[in-house]
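Please read the structure below before turning to the comments.
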Amino acid sequence: MTSISVLGCGWLGLPLAKHLVDTGFMVKGSIRSSNKISELEKNHIKPYLLDIDAVEQSWSQFLTSDVLIIAIPSKNIEGFTSLIPIIEASSIKHVLFVSSTSVYEDANRVVTEEDATIPSSALSQIERLFMQSTKFTTTVIRFSGLVGYSRNPGRFFAKSGRSVSNPDVPVNMIHQDDCIGLITQIIKQEKWNEIFNACADTHPSKREFYTQATQRIGVETPTFIESNEQTFKIISNHKIKEALGYEFIHPDVMNITYDS
1 MTSISVLGCG WLGLPLAKHL VDTGFMVKGS IRSSNKISEL EKNHIKPYLL DIDAVEQSWS
61 QFLTSDVLII AIPSKNIEGF TSLIPIIEAS SIKHVLFVSS TSVYEDANRV VTEEDATIPS
121 SALSQIERLF MQSTKFTTTV IRFSGLVGYS RNPGRFFAKS GRSVSNPDVP VNMIHQDDCI
181 GLITQIIKQE KWNEIFNACA DTHPSKREFY TQATQRIGVE TPTFIESNEQ TFKIISNHKI
241 KEALGYEFIH PDVMNITYDS
């Protein structure tokens, strides 16, 4: 049985860990607060109190697994630089690093994995650190804007006065269910040493997307700041769908429903 360690059991990492347990994997999960220990234990996830900002902690037991999933939003280059040798000395064979499509410039066109990333991007630099290791193989998955369940984009505008710039550029979003589905398939199909973009099929404009999102929950539609020069990117999901034979659960972001 493949054992998996999930670094970061937060909005994405916790439901991912639960799903991996249900799928039949042995799962360890890291948290930064002891008040989450019971929730992990009741879901058969072995808890560990760890923090990338405190690499001097003992990581050995947590890293006694086959696969490490890094699902934290940290951009702590120094912390990851210190952690990588610890991973290299462990039993970890494969790393799945959760990154973001924010590493790409706004190129005013469709963007694929072949496109260069922003050199100054901390995430891009961290990706390279992991990909350069010869002690384990790394797959990087770059998610677009994360939505679903409690993460309702309409809520951002519950406080009046918020505005949206560049309202006619396309959005790049992905539902939590598809994040979990894609990660699970990467592990099952052993798609290592890869870089994947992950984004839903549709790309409505900010104006369309946020107008609908606010109307659904009955809050004031945001003010749209018009501009003649609107830069954008459209993230392609072709490679990951082709490589995994994956069909999105939520391909149309305009049809996503939320908990509230």
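Numbering follows full-length UniProt numbering, in which position 245 of the sequence shown is assigned residue number 245; successive positions increment by one, without gaps.
Note that CB positions come from ideal geometry on N, CA and C, so glycine has one too.
All figures in this text were calculated on a predicted structure; none of them were measured in a lab.
Spatial distance of residue i from residue j (CA atoms)
i    : j    : result
M173 : F248 : 12 angstroms
Y149 : H44  : 22 angstroms
D22  : L96  : 19 angstroms
I118 : E194 : 19 angstroms
G145 : C179 : 11 angstroms
E88  : A107 : 36 angstroms
E127 : H19  : 25 angstroms
F157 : E220 : 7 angstroms
P167 : S205 : 7 angstroms
E208 : M254 : 9 angstroms
K191 : A122 : 24 angstroms
H238 : N35  : 40 angstroms
S165 : V98  : 27 angstroms
Q57  : F136 : 21 angstroms
L49  : L40  : 11 angstroms
L200 : G218 : Per the sequence presented here, residue 200 reads as Ala, with Leu not at that position. Those two C-alpha atoms are separated by around 25 angstroms.
T134 : I187 : 19 angstroms
T211 : F196 : 30 angstroms
I37  : Q61  : 16 angstroms
Residue i classed as buried or exposed, judged by whether at least 16 other C-beta atoms fall within 10 angstroms
i    : result
T101 : buried
W250 : Looking at the sequence shown, residue 250 is not Trp but His. Its Cβ being crowded by 16 or more others within 10 Å, H250 is buried.
V111 : buried
S124 : buried
A213 : buried
N152 : buried
I225 : exposed
E236 : Residue identity differs from the one stated: residue 236 is Ser in this sequence, not Glu. Classification for S236: buried.
Cut-off 6 angstroms between Cβ atoms - residues of its own chain near residue i, not counting five sequence neighbours on either side
i    : result
A198 : I141, F143, I174, L182 and I240
G13  : V6 and A71
D259 : Y149 and S150
I86  : W59
L68  : S5, I92 and V95
M131 : T138
T223 : S163
A17  : V6, C9, V27, G29 and I45
S160 : E220
D252 : T202
R32  : D51
Helix, strand or coil at residue i [DSSP, three-state]
i    : result
T137 : strand
L68  : strand
G154 : helix
T101 : helix
S160 : coil
V147 : strand
R109 : coil
I235 : strand
Residues near residue i by beta carbon distance below 8 angstroms, same chain, minus five either side
i    : result
I52  : L7, I72, S74, N76, G79, F80 and L83
I234 : R109, V110, V111, P170, N172 and H203
L63  : S5, I86, I87, S90, S91 and I92
V55  : G79, S82, L83 and I86
V103 : T117, I118, S121, L123, S124, E127 and R142
M1   : G24, F25 and M26
Q176 : W11, L12, P15, L146, V147, G148, Y149 and R151
Close beta carbons around residue i, own chain, < 7 angstroms, minus the five adjacent residues each side
i    : result
S65  : S3, I4, S5, K28, S91 and I92
Q185 : L244 and Y246
R216 : G154
Q189 : L244
Q230 : N166, D168 and V169
I256 : V147, G148, H175 and H250
CB contact check: residue i to chain C, cutoff 7 angstroms
i    : result
F130 : Looking at the structure shown, chain C is missing, and only one protein chain is on hand.
Problem set entry | Contained alpha helix (DSSP H) runs [length at least 4] in the region 174-222, N- to C-terminal order | 176-188 and 206-217
Exercise. Curious, which full-length beta strand (DSSP E) runs of at least 3 residues does the region 3-91 contain?
Worked result: 3-7, 26-31, 46-49 and 67-70
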